[in-house]
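**Student:**
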Amino acid sequence: MVISRRFFIFWLVSLLLFRNSSKRERPAWMVVSALSRDFIEDETQNESIREEVFRYYGTFTRTFLSMFEILFANWGPPCRVVVENISEWFSLFFLLYRCVLGFAVLNVVNAVFVQQTMKTASSDEELAFKQKERDVAMYTRKVRKLFNSMDETGDGCLNLEEFQKLAQSPKLKFWMSQLELEYHDLLSLFEFLDNGDGEITPTEFIEGASRLRGSGKAVDIWRLETKVEVLMGEVLKTLAKEEEDEGVSHIQKVFNKSYYRHIHSIAKDSKGFPTISKPVAPMDSEPVTPEIKPEKPSPQEETF
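Numbering (my numbering), first residue to last: 3 to 306.
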């Protein structure tokens, strides 16, 4: 990053020192030095004024330093000394010089310099790692603050009753959105964060919030579909083994035996899904061979 900055500064200084549109045109500092030379050598002019002009534009280095002062520092005195003592046309020259080089060129150079610096900093692995650590630490502090505000009893754990009281709170939903936790069913969120003991600890809350952070992407949806397919296969195997109970579906029984007891299937009021079983042929019965009927000969074959 330091090497790229030095390379960029080198070309910036080259632009400011040797910029000219053609070989016949001279840089601005050479023009001012040449125009001031006649006034400095004119003995009829006031000697103190000539010395003041010489102090700014008497030599090559003085003129060069004065033009940099006009561009970057206090540009009033170097301009006033030639405008008031030599010619007022210098005011137009310095205005054009400041507008063209000061505003147009330098602002573009500054923008490119900042962009290049930010690009180099973003590609630095060490800086990116430190920035990631700061983001994680800040997010953890926010999640812990949210957890402490939800814990009314102050025991360091959240139970289902405390979570249900805050489920309908607009303030809680606002905090969740600020933490990039877009979750619509907060009761299901409690079961997702809980490890099965009926309480959520700060560690469980922070780890679960980190997993739920942000919006779902295509790869997340693909993983979810794959897991659902595997889960459906296991559910179908369970349905084939379980006996049917009146009023409760087999899927509801599976949920009741798991940690997701608050989830109710849509077939709760029905008699349940029929048991899935494969048809088995009787043991004593002989396999039936399909009867093959002979094909009738065509009229052309009957003639021969």
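Just so you know, even glycine gets a beta-carbon here, dropped at the ideal spot from N, CA and C.
Computed from a predicted structure; not experimentally measured.
Can you tell me whether DSSP reads residue 135 as helix, strand or coil?
**Tutor:** helix
**Student:** Spatial neighbours of residue 283 within its chain, please: C-beta separation below 6 Å, excluding the five flanking residues on both sides.
**Tutor:** In this prediction, residue 283 scores a pLDDT of 47, lower than 50, which makes its location untrustworthy; no coordinate-derived value is stated.
**Student:** If you check the beta carbons only, do residue 34 and residue 65 fall under 8 Å apart?
**Tutor:** yes
**Student:** Considering only the beta carbon of each residue, do residue 80 and residue 93 sit closer than 8 Å?
**Tutor:** At a Cβ-Cβ threshold of 8 Å, residue 80 and residue 93 do not count as neighbours.
**Student:** Taking Cβ positions, are residue 210 and residue 233 nearer each other than 8 Å?
**Tutor:** no
**Student:** Among residues of its own chain, excluding the 5 on either side of residue 108, which ones have a beta-carbon nearer than 8 Å to its beta-carbon?
**Tutor:** 73
**Student:** Between the C-alpha atoms of residue 149 and residue 207, what's the straight-line distance to the nearest angstrom?
**Tutor:** One alpha carbon belongs to residue 149, the other to residue 207, and they sit about 7 Å apart.
**Student:** Given that a residue counts as buried once 16 or more other Cβ atoms are within 10 Å of its Cβ, and exposed if not, what is residue 55?
**Tutor:** buried
**Student:** Assess contact between the region 150–170 and the region 198–207, defined as three or more Cβ pairs (one per stretch) separated by less than 8 Å. Is contact present?
**Tutor:** yes
**Student:** Distance check for residue 89 and residue 105, CA to CA, integer angstroms please.
**Tutor:** 25 Å
**Student:** Check for me: the alpha helix (DSSP H) holding residue 91 runs from which residue to which?
**Tutor:** 91–99
**Student:** Exposed or buried, residue 38, counting other C-beta atoms within 10 Å across all chains shown (16 or more means buried)?
**Tutor:** buried
**Student:** By how many angstroms is the C-alpha of residue 43 removed from the C-alpha of residue 24?
**Tutor:** Residue confidence is low: residue 24 scores 38 on pLDDT, short of 50, so the model does not pin down where it sits. Its coordinate-derived value is still stated next. Between residue 24 and residue 43, the C-alpha separation is close to 30 Å.
**Student:** Going by Cα to Cα distance, which pick from 36, 45, 146 is closest to residue 202?
**Tutor:** In terms of CA proximity to residue 202, 146 leads the group 36, 45, 146.
**Student:** Return the Cβ separation of residue 71 and residue 77 in integer angstroms, given the expectation that the two are a contact with Cβ distance under 8 Å.
**Tutor:** 7 Å
**Student:** Would residue 52 be called buried (16 or more neighbouring beta carbons within 10 Å of its own) or exposed?
**Tutor:** The C-beta of residue 52 has 16 or more other C-beta atoms within 10 Å across all chains shown, which makes the residue buried.
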